[in-house]
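Colleague: With numbering that gives the first Met the number 0, the residue at position 82 of the sequence shown is 81, and numbering never jumps.
After the structure tokens below, expect a handful of questions from me.
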Amino acid sequence: MPQSFQEVAAAEPDPDQALAIVFGLNGSERTAYAALCESDEPMSVQELADELDCALTTAYRIVDTLEAHRLVESKIIRDSTCQRSVYEAADPAVVAERMEAQVDQAYTDCRNAVETFATDPVADCGLFESGDRK
Numbered sequence: 000m001p002q003s004f005q006e007v008a009a010a011e012p013d014p015d016q017a018l019a020i021v022f023g024l025n026g027s028e029r030t031a032y033a034a035l036c037e038s039d040e041p042m043s044v045q046e047l048a049d050e051l052d053c054a055l056t057t058a059y060r061i062v063d064t065l066e067a068h069r070l071v072e073s074k075i076i077r078d079s080t081c082q083r084s085v086y087e088a089a090d091p092a093v094v095a096e097r098m099e100a101q102v103d104q105a106y107t108d109c110r111n112a113v114e115t116f117a118t119d120p121v122a123d124c125g126l127f128e129s130g131d132r133k
């Protein structure tokens, strides 16, 4: 859910909150990303569920969300009896670059909207149906 500029500016976000603001991650998703960052080895969804003390279905949902935001990378581990998927955190430096690019784009979009507002405060704001403006 988008936050207002005032809410974001007043929050003085820390790195954890930046993940929430930029990617919309909830607390469990941020905790999962942190756990994957801290882990020396890739983790299975079951291992992540154990780490987070949550249901396996919840851990799958969390992993799906992290994958959708490209915050984790999956790998297949094969041994003589089976294969399984494991996940590792995307490089935080790469994630930070993506976050910075998204923030820059949001700033540019907002600045452009402000400039448009300055010249025509009701342009494209949806307050009037076509032909209703006076």
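Cβ atoms here follow ideal geometry from the backbone N, Cα and C, with glycine treated the same way.
1. Give me the DSSP bridge partner(s) of Arg83.
2. Check Ala89 in the structure and name its three-state DSSP category.
3. I'd like to check one pair, Ala88 with Leu70: are the Cβ atoms closer than 8 Å?
4. In chain order, what residues of the same chain have a beta carbon less than 7 Å from the beta carbon of Ala17, not counting five sequence neighbours either side?
5. Based on the DSSP secondary-structure assignment, which residues constitute the bridge partners of Val71?
6. How many angstroms separate the CA atom of Asn111 from the CA atom of Thr30?
7. For Phe116, does the count of other Cβ atoms within 10 angstroms reach 16, so buried, or fall short, so exposed?
8. By Cβ distance below 6 Å, which residues in the same chain neighbour Ile76 in space, the five residues on each side in sequence not counted?
9. Do Gln45 and Leu55 have their C-beta atoms within less than 8 Å of each other?
10. Residues in the same chain with beta-carbon distance under 6 Å from Lys133, minus the five sequence neighbours each way, listed in chain order, please.
11. Apply the 10 Å Cβ neighbour rule to Thr64 and answer buried if 16 or more other Cβ atoms are within range, or exposed otherwise.
Modeller: If we stick to the structure as given:
1. Ile76
2. For Ala89, the secondary structure class from DSSP, reduced to helix, strand or coil, is coil.
3. yes
4. The beta carbon of Ala17 sits closer than 7 Å to the beta carbons of Met98 from its chain, once the five residues preceding and following it are set aside; these are given in chain order.
5. Ala88
6. 35 Å
7. A residue is called buried when at least 16 other Cβ atoms come within 10 angstroms of its Cβ; Phe116 does not meet this threshold and is exposed.
8. Arg83 and Val85
9. yes
10. With a pLDDT of only 49 at Lys133, under the threshold of 50, the placement of this residue in the model should not be trusted, and no figure is reported.
11. buried
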